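Chains A and B supply the protein sequences, listed in that same order.
Heads up: the first sequence begins at 1 in UniProt numbering, then just goes up one per residue.
Heads up: the second sequence begins at 1 in UniProt numbering, then just goes up one per residue.
In this text, a Cβ means the ideal position worked out from N, Cα and C, and glycines have one as well.
Owing to the predicted nature of the structure, the values given are computational and were not obtained by experimental measurement.
Worksheet: one structure, shown below.
Number of protein chains: 2
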Amino acid sequence: MEDSAQRGPDAAAGRGRAALIEDGVEFDGRDAALLRAVDAAGSVAGAASELGRSRARALSRIDALEEAYGTLVERRRGGEGGGGSRLTASGRGILGRYDRLQAVLAATATVPETVLDGAVTAIDGELAVVDTAVGEVSGLHGGTGSDDGGDESGGGSDLAVGDAVQVRIGADAVTVNDAANVVDPDATSARNRLAGRVSGIDPGETVSTVRIAVEATDGSAPGDAAAEVAALITAESIERLGLAPGDPVSIRWKATATRLVPHAE
Amino acid sequence: MEDSAQRGPDAAAGRGRAALIEDGVEFDGRDAALLRAVDAAGSVAGAASELGRSRARALSRIDALEEAYGTLVERRRGGEGGGGSRLTASGRGILGRYDRLQAVLAATATVPETVLDGAVTAIDGELAVVDTAVGEVSGLHGGTGSDDGGDESGGGSDLAVGDAVQVRIGADAVTVNDAANVVDPDATSARNRLAGRVSGIDPGETVSTVRIAVEATDGSAPGDAAAEVAALITAESIERLGLAPGDPVSIRWKATATRLVPHAE
DNA sequence: CACCGTTGTATCTATGACGATACAACGGAG
DNA sequence: CTCCGTTGTATCGTCATAGATACAACGGTG
Chain A
1 MEDSAQRGPD AAAGRGRAAL IEDGVEFDGR DAALLRAVDA AGSVAGAASE LGRSRARALS
61 RIDALEEAYG TLVERRRGGE GGGGSRLTAS GRGILGRYDR LQAVLAATAT VPETVLDGAV
121 TAIDGELAVV DTAVGEVSGL HGGTGSDDGG DESGGGSDLA VGDAVQVRIG ADAVTVNDAA
181 NVVDPDATSA RNRLAGRVSG IDPGETVSTV RIAVEATDGS APGDAAAEVA ALITAESIER
241 LGLAPGDPVS IRWKATATRL VPHAE
Chain B
1 MEDSAQRGPD AAAGRGRAAL IEDGVEFDGR DAALLRAVDA AGSVAGAASE LGRSRARALS
61 RIDALEEAYG TLVERRRGGE GGGGSRLTAS GRGILGRYDR LQAVLAATAT VPETVLDGAV
121 TAIDGELAVV DTAVGEVSGL HGGTGSDDGG DESGGGSDLA VGDAVQVRIG ADAVTVNDAA
181 NVVDPDATSA RNRLAGRVSG IDPGETVSTV RIAVEATDGS APGDAAAEVA ALITAESIER
241 LGLAPGDPVS IRWKATATRL VPHAE
């Protein structure tokens, strides 16, 4: 599984868990639930009892979070109803950030991805060109802001010419074009372009995964596909393009939507 | 901050931390470092001493991981060199999965995103249409596989017509087209399309963030921009398209690259 | 004034993860 | 055979986190 240049569309990246992290303090799903419960109940005490957890701990947890993220909850004691607590604007803001991070994570678990093995042939700033079985592909690297418990993940943010990397292309980033009606490449910002044939369609309710077989650039395998690239397409688009297995198509995706993962071996 | 329909391009979603999770057992950066050290040292004992952690704990941690993820390390005691350990294929596989998840997380922290507030007007399978300040936008919802400590994040996977949602568009998913040279919409699978003007360019080394002002669809604000959408573009593409502030452009992104986040209020 | 429910704060205990340490079992090398 | 470094396994102490409990402080309401 670790040998071939082609891995093809993978069903899913698996379940994951995400947390914001700032100043060494993690904001995870438990904290999000707490803030949401405070928002709903109007008090930390009510939220804690609603969640079945200790009120004192909930308060100290909020303290710890606020030390890293700023004021999240406006607390008031005494007065009408004995007091109460309300989320601040930044409290709602962090909930939004968490939700969006969660949405991205859920998407990566749901959306198929294509992984190509290759070697870096050129680096220019945040962009790198990688030689793969289907030709040269350009993508983003770096930005590994991954300071958790462990060491750097796969070699840090540095990448050098000749390094072995995996090119990750999310199926939701791949655009399928009619092969006959080729778009003027100068009119768009999508950079990577390949020709291929539809090798299969995995239907969904309204969204389908189209597998596209792409031939190798070097003439090593004449009629054989060097890789299979997955593309997420709405059923409507499939119908509009009249896609069916065997059809020649042109696929295209942005260099900025391509991620390079250092791949030691 | 929680009122307007427009939030504009946000600098970053903030740092985050991700972990695979299966069967209640998390696989985080610490575990990845351990497996990588085992691969490098050829033994758990060597890996533990290399990482400065307890050998007994490392072994029991591997046991715990294998109970959830299957055999990751092939251990052999006695024999040449006293024994040793090697990663199995699935051990390398989980490392790859973790690295790719990490890459996605790093990308979401690095890449700007555009967030639009809106309300759901139609739902059809995995797709939903949302009415926003810039018109109707379609995107994916659901797939909230987020079982961590807390409750469901923003309301679970269910979405109904009329619900308030945030539409999240990653800047790396937005394609910029020359307004003059409009592509035949029937020839591509990109669905959402808007016209706008370049309002600013934040230059990077080889990749820049282009901000595009989009006017409202309802004639409420004639000349004013209803939202600003961010697009990640390579410097080369900017030059090729001759982009400069004020230029009219056509932007486009796939419905499948758009995520809908339930947004209680 | 007393009453009430909340926010603060302190202390004790339980739990789980980890390091440290020790010892047995294994199997090839010498 | 002995020697060696590794894998197994068990035990103890430490540390961080969370629950449980108790009590003081607050400030409207009555």
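Within 10 angstroms of its Cβ, does residue i collect 16 or more other Cβ (buried), or is it exposed?
i, result
"A107 of chain B", "buried"
"S250 of chain B", "buried"
"R76 of chain A", "exposed"
"S138 of chain A", "buried"
"D63 of chain A", "exposed"
"A48 of chain B", "buried"
"R252 of chain B", "buried"
"D23 of chain A", "exposed"
"V161 of chain B", "exposed"
"G79 of chain A", "exposed"
"G70 of chain A", "exposed"
Taking the Cβ atom as the reference point for each residue, do residue i and residue j lie within a distance shorter than 9 Å?
i, j, result
"A225 of chain B", "G196 of chain B", "yes"
"H141 of chain B", "V165 of chain B", "yes"
"I94 of chain A", "L72 of chain A", "yes"
"G204 of chain A", "E126 of chain B", "yes"
"residue 270 of chain A", "P112 of chain A", "Nothing about residue 270 of chain A can be read from this structure; chain A reaches only from 1 to 265."
"A187 of chain B", "L243 of chain A", "no"
"V176 of chain A", "S189 of chain B", "yes"
"D192 of chain B", "A255 of chain B", "The question names Asp, but residue 192 of chain B is Asn in the sequence shown. Contact: yes."
"A171 of chain B", "T114 of chain B", "yes"
"A103 of chain A", "L35 of chain B", "no"
"D99 of chain B", "P262 of chain A", "yes"
"A33 of chain A", "R17 of chain B", "no"
"V25 of chain B", "A68 of chain B", "yes"
Could you list which residues in chain B have their beta carbon closer than 9 Å to that of residue i, in chain order?
i, result
"L241 of chain A", "D186, A187, T188 and S189"
"L140 of chain A", "A107, T110, V111, D172, V207 and L232"
CA-CA distance, residue i and residue j?
i, j, result
"R86 of chain A", "R53 of chain A", "19 Å"
"F27 of chain A", "L20 of chain A", "5 Å"
"R211 of chain A", "L232 of chain A", "9 Å"
"D163 of chain B", "L116 of chain B", "14 Å"
"A119 of chain A", "V130 of chain A", "5 Å"
"G145 of chain A", "L101 of chain A", "Note on G145 of chain A: pLDDT 40, under 50, position unreliable in the model; no value is reported."
"T258 of chain B", "A122 of chain A", "31 Å"
"D31 of chain B", "L194 of chain B", "45 Å"
"T206 of chain A", "A56 of chain B", "51 Å"
"A213 of chain A", "V134 of chain A", "10 Å"
"D158 of chain A", "G83 of chain A", "53 Å"
"L65 of chain A", "G91 of chain A", "10 Å"
"R15 of chain B", "A109 of chain B", "6 Å"
"S208 of chain A", "I169 of chain A", "17 Å"
"P248 of chain B", "L105 of chain A", "34 Å"
"S43 of chain A", "E50 of chain B", "48 Å"
"A128 of chain B", "S237 of chain A", "15 Å"
"D202 of chain B", "A227 of chain B", "17 Å"
"residue 271 of chain A", "V167 of chain A", "In the structure as shown, chain A begins at 1 and stops at 265. Residue 271 of chain A is therefore absent and cannot be evaluated."
"A41 of chain A", "E74 of chain A", "13 Å"
"R97 of chain B", "E239 of chain A", "33 Å"
Give the residues of chain A in contact with residue i, contact being defined as C-beta atoms less than 8 Å apart.
i, result
"L127 of chain B", "T206, V207 and T234"
Residue i bridges to which residues according to DSSP?
i, result
"T209 of chain A", "A:D202 and A:L232"
"D117 of chain A", "A:Q166"
"R197 of chain B", "B:A213 and B:P248"
"L51 of chain B", "Answer is none; L51 of chain B lacks a bridge partner."
"P262 of chain B", "B:V165"
"A122 of chain A", "A:V129"
"R76 of chain A", "A:G84"
"S138 of chain A", "A:V129"
"D178 of chain B", "B:V249"
"A225 of chain A", "A:E215"
"R17 of chain A", "B:A19"
Find the residues of chain B that neighbour residue i, judging by a C-beta separation of less than 7 Å, and give them in chain order.
i, result
"T175 of chain A", "T188, S189, A190 and K254"
"T108 of chain A", "L101 and V104"
Could you list which residues in chain A have their beta carbon closer than 7 Å to that of residue i, in chain order?
i, result
"S237 of chain B", "S189 and R191"
"V229 of chain B", "Ordered by position in chain A, no residue passes the 7 Å Cβ test against V229 of chain B, which lies about 13 Å from the chain."
"A257 of chain B", "D172 and A173"
"D124 of chain B", "T206"
"R168 of chain B", "R100 and A103"
Can you pull the chain A neighbours of residue i, defined as C-beta to C-beta under 9 Å?
i, result
"A119 of chain B", "Going along chain A, no residue has its Cβ under 9 Å from A119 of chain B, so there is no contact; the nearest lies around 17 Å."
"V261 of chain B", "G96, D99, R100, Q102 and A103"
Since residue i meets chain B, which of its residues come closer than 8 Å, beta carbon to beta carbon?
i, result
"R86 of chain A", "The contacting residues do not exist; R86 of chain A stays about 13 Å from chain B at best."
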